[in-house]
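J.:
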Amino acid sequence: MESITLKYSPVIQSSQVQLEASKSESNRALIINALSGNLSTLKNLSNARDTQTMLRLLASEESTLDVLDAGTTMRFLTAYSILGDEPRTLTGTERMQQRPIKILAKALKQIGAKIKFLKKDGYPPLKVHPLSSQKKDLISIKGDVSSQFISALLMIAPRLPDGLTLNLLGKIGSRPYIQMTLDMMRLFGISASWTNNTIEIKPQAYSTYDYVVESDWSGASYWYSFVALADQARIKLLGLRQKSLQGDIAIVRIMNQLGVMSTFEEDGVILEKIPEQKSVEIDFSDCPDLAQTVAVVCGVKKIESRFTGLESLRIKETDRIKALKKELKKFSIKLKEGEEGVWEVKSKFEPGQEAVSIHTYEDHRMAMAFAPLCTQQEIIIEDPSVVNKSYPSFWDHVSDAIGG
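Here the numbering used here = 1-based position in the sequence shown + 1.
(1) For residue 1, write down the residues that DSSP places opposite it in a beta bridge.
(2) Which one or two residues does DSSP pair with residue 12 in a beta bridge?
(3) Where residue 21 and residue 379 are concerned, what is the direct C-alpha to C-alpha distance, given to the nearest angstrom?
(4) Could you give the C-beta distance for residue 1 and residue 258, rounded to a whole number, given that I count them as a contact under 8 angstroms?
(5) Could you tell me the distance, in whole angstroms, from the CA atom of residue 313 to the CA atom of residue 343?
(6) Tell me whether residue 105, by its Cβ, gets closer than 7 angstroms to a heavy atom of the ligand NAD.
(7) Please classify residue 246: does DSSP put it in a helix, a strand, or coil?
(8) What residue range is occupied by the uninterrupted alpha helix (DSSP H) comprising residue 280?
(9) My guess is that residue 59 and residue 52 are in contact by the Cβ rule of under 8 angstroms, so how many angstroms apart are they, rounded?
(10) State the Cα-Cα distance for the pair residue 465 and residue 152, rounded to the nearest angstrom.
(11) With 16 other CB atoms within 10 Å as the buried threshold, where does residue 328 fall?
(12) Kindly identify the DSSP beta-bridge partner or partners of residue 6.
(13) Which of the three DSSP states is assigned to residue 350 in this structure?
(14) With which residues is residue 118 paired in a DSSP beta bridge?
(15) State the Cα-Cα distance for the pair residue 390 and residue 182, rounded to the nearest angstrom.
(16) Can you give the Cα-Cα distance for residue 84 and residue 392, rounded to whole angstroms?
(17) Measuring alpha carbon to alpha carbon, tell me which of 55, 30 and 57 ends up nearest residue 44.
(18) Assign residue 247 to one of two classes, buried (16 or more other C-beta atoms within 10 Å of its C-beta) or exposed (fewer than that).
(19) Between which two residues does the alpha helix (DSSP H) harbouring residue 328 extend?
(20) Tell me residue 265's beta-bridge partners as DSSP assigns them.
(21) Looking at residue 13 and residue 227, is the spacing between their C-beta atoms short of 8 angstroms?
(22) Can we say the stretch 216 to 226 touches the stretch 184 to 193, given the rule of at least three CB pairs closer than 8 angstroms?
(23) Taking C-alpha atoms, which residue in 361, 252 and 129 lies nearest to residue 291?
(24) Report the three-state DSSP secondary structure of residue 184 (helix, strand or coil).
(25) Round the Cβ separation of residue 40 and residue 199 to the nearest angstrom and send it over; I've been treating them as touching at under 8 angstroms.
(26) Between residue 388 and the rest of its own chain, which residues show a CB-CB distance below 8 angstroms, the 5 nearest in sequence each way excluded?
(27) For residue 214, which of helix, strand or coil comes out of DSSP?
(28) For residue 16 versus residue 402, is the C-beta spacing smaller than 8 angstroms?
(29) Name the two residues that bound the continuous alpha helix (DSSP H) containing residue 400.
(30) Starting from residue 166, trace the beta strand (DSSP E) both ways and give me its first and last residue.
(31) Out of 322, 110, 26 and 311, point me to the one whose CA is closest to residue 147's CA.
(32) Leaving out the 5 sequence neighbours to the left and right, which residues in its chain are closer than 8 angstroms to residue 261 when beta-carbon positions are compared?
(33) Does the stretch 104 to 113 come close enough to the stretch 127 to 135 to have 3 or more Cβ pairs within less than 8 angstroms?
(34) Could you please give me the residues that DSSP links to residue 44 through a beta bridge?
(35) On the premise that residue 359 lies in contact with residue 350, defined as a C-beta separation below 8 angstroms, what is that separation, rounded to the nearest angstrom?
(36) Which residues in the same chain as residue 221 place their Cβ atom closer than 7 angstroms to its Cβ, once the five residues preceding and following it in sequence are excluded?
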């Protein structure tokens, strides 16, 4: 297997990083634009493989759409396909075929769609038939499932004959991602109301809007980690907004506790080191993609940590809790569940003299979350190309920051 070795680099050179554009924004913008007749201009779309896959499949006239490993693309296109003219089969990688989609399919069936699972009940591949008539305009869906299920339903709602009202049951996870979807829909002319746990969208037409995609706050999180863990570091991240639609801007608040100060300027944000807190409690319900990065920082800095809201990590590109536990253990860091749903980081970390190899589990975030450990010792990242899913230029940027 291909690997990349990151040399021990305690000092991060003062530099500017032009982050990739947000794939979360890009993929929503592409679906919304397709629903409005592709009449809008979308600028600064992400180069991430997930977004490039979405672009390719939206333009495809094939009856079978292979989303590869792109979870967002699978979920958004499943809902989008019920508004098409022909049946579509959606499939993906072996791992994608292990990621559940039954809750979204059930909701679409309640609306009136015909969906058939082709292998295992509740999992891709699946065949989606165009909606012939709408059966229900009020459906209920669990609020703590993937927010992408909810976003997929919301984006097609204005185009449904009777619109759609969603009742979100129980705790709502990743709320900022749902809000991002509604905010972007609003820019494209859609009115929606969100009261308590009910979101209502009347039938209406999308309008055109020239949209510029912001840089990716998820990608920014790894640079916060580099600054937190390095002996010396000052980095400016370009293309980020202080008033962002992205939920992962939560990294600003979280990392302020872990030793990184953020100073916003017109073209981005400057990261600089400050003293960290000795203990933290962090709820990742609204920002689960930050959990791996933060767990590594807390472990290395021996910050007493209690994490909640990690439930969705088990159904991502890999079982991220299992993967985190295994890789952190290589550095004498334990991630363990105390009371149910509460995870604690226990650390006896000391930098080693030998390079440690990190397995990445076909998960881009595992590779990038562990990369900043090179500020402590030499590490080897297995299968480094996994970053192409969301941040193709990551290793080039890392090479510039650590000096080769």
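Where a beta carbon is used, it is the ideal one built from N, C-alpha and C, also for glycine.
T.: The short version:
(1) Given a span of 2 to 405 for the chain in the structure shown, any question on residue 1 remains unanswerable.
(2) As a working mapping, residue 12 is identified with position 11 in the sequence shown. Looking at the DSSP assignment, residue 12 forms a beta bridge with 233.
(3) Stepping through the sequence shown from its first residue, residue 21 is reached at position 20. Stepping through the sequence shown from its first residue, residue 379 is reached at position 378. Roughly 26 angstroms separates the two Cα atoms.
(4) Limits of the chain in this structure are 2 at one end and 405 at the other, which puts residue 1 out of reach.
(5) For this step, residue 313 is matched to residue 312 along the sequence shown. For this step, residue 343 is matched to residue 342 along the sequence shown. Rounded to whole angstroms, residue 313 to residue 343 spans 13 angstroms at the Cα level.
(6) Although the ligand NAD was asked about, the structure shown includes no ligands whatsoever.
(7) One-based indexing of the sequence shown puts residue 246 at position 245. Reduced to three states, the DSSP call for residue 246 is coil.
(8) Stepping through the sequence shown from its first residue, residue 280 is reached at position 279. Unbroken run through residue 280 is the beta strand (DSSP E), 280 to 284; no alpha helix (DSSP H).
(9) For the purposes of this step, residue 59 is identified with residue 58 of the sequence shown, where counting begins at 1. For the purposes of this step, residue 52 is identified with residue 51 of the sequence shown, where counting begins at 1. Contact doesn't hold; Cβ gap of about 11 angstroms is too wide.
(10) With the chain running from 2 to 405 in the structure shown, residue 465 is simply not present.
(11) Here residue 328 refers to the residue found at position 327 when the sequence shown is read from its first residue. That one is buried.
(12) By 1-based counting over the sequence shown, the position of residue 6 is 5. 381, per the DSSP bridge assignment.
(13) Counted from its first residue, the sequence shown places residue 350 at position 349. Correct three-state label for residue 350: coil.
(14) In the sequence shown, the residue the question calls residue 118 occupies position 117. DSSP lists 127 as partners of residue 118.
(15) Looking up residue 390 in the sequence shown gives position 389. Looking up residue 182 in the sequence shown gives position 181. Approximately 21 angstroms between the Cα atoms of the pair.
(16) The residue you call residue 84 lines up with position 83 of the sequence shown. The residue you call residue 392 lines up with position 391 of the sequence shown. Rounded to whole angstroms, residue 84 to residue 392 spans 31 angstroms at the Cα level.
(17) In the sequence shown, counting from the first residue as 1, residue 44 sits at position 43. If we check each option's Cα against that of residue 44, 30 comes out closest.
(18) Reading the sequence shown from its first residue, position 246 is the one you call residue 247. With 16 or more Cβ atoms within 10 Å of its Cβ, residue 247 is classed as buried.
(19) If you number the sequence shown from 1, residue 328 lands on position 327. Run containing residue 328: 321 to 330, per the alpha helix (DSSP H) assignment.
(20) Counting from 1 along the sequence shown, the entry for residue 265 is found at position 264. Answer is 270.
(21) Here the question's residue 227 lines up with position 226 in the sequence shown. Here the question's residue 13 lines up with position 12 in the sequence shown. In contact: residue 227 and residue 13 (Cβ atoms closer than 8 angstroms).
(22) no
(23) The residue given as residue 291 occupies position 290 in the sequence shown. The residue with the shortest Cα to Cα distance from residue 291 is 252.
(24) Within the sequence shown, the letter at position 183 stands for residue 184. Here residue 184 sits in helix by DSSP.
(25) As a first step, residue 40 is located in the sequence shown; it is residue number 39 there, counting from the start. As a first step, residue 199 is located in the sequence shown; it is residue number 198 there, counting from the start. Incorrect: roughly 31 angstroms between the Cβ atoms, too far for contact.
(26) Numbered from its first residue, the sequence shown carries residue 388 at position 387. Closer than 8 angstroms at the Cβ level, and outside the excluded window around residue 388, lie 365, 368, 369, 395 and 396.
(27) Mapped onto the sequence shown, residue 214 falls at position 213. It is coil, neither helix nor strand.
(28) Numbered from 1 along the sequence shown, position 15 holds the residue referred to as residue 16. Numbered from 1 along the sequence shown, position 401 holds the residue referred to as residue 402. Contact flag set, yes.
(29) Along the sequence shown, one-based indexing puts residue 400 at 399. First-last of the alpha helix (DSSP H) with residue 400: 395 to 403.
(30) Numbered from its first residue, the sequence shown carries residue 166 at position 165. Residue 166 -> beta strand (DSSP E) spans 165 to 170.
(31) As a working mapping, residue 147 is identified with position 146 in the sequence shown. When each option's Cα is compared against that of residue 147, the closest is 311.
(32) Counting from 1 along the sequence shown, the entry for residue 261 is found at position 260. Correct list, in chain order: 225, 228, 229, 272, 273, 274 and 275.
(33) yes
(34) Here residue 44 corresponds to residue number 43 of the sequence shown, with the count starting at 1. For residue 44, which the question treats as bridged, DSSP gives the partners 213.
(35) The residue labelled residue 350 in the question sits at position 349 within the sequence shown. The residue labelled residue 359 in the question sits at position 358 within the sequence shown. Incorrect: roughly 14 angstroms between the Cβ atoms, too far for contact.
(36) Residue numbering aside, residue 221 sits at position 220 when the sequence shown is read from its first letter. Same-chain partners within the cutoff: 20, 238, 241 and 252.
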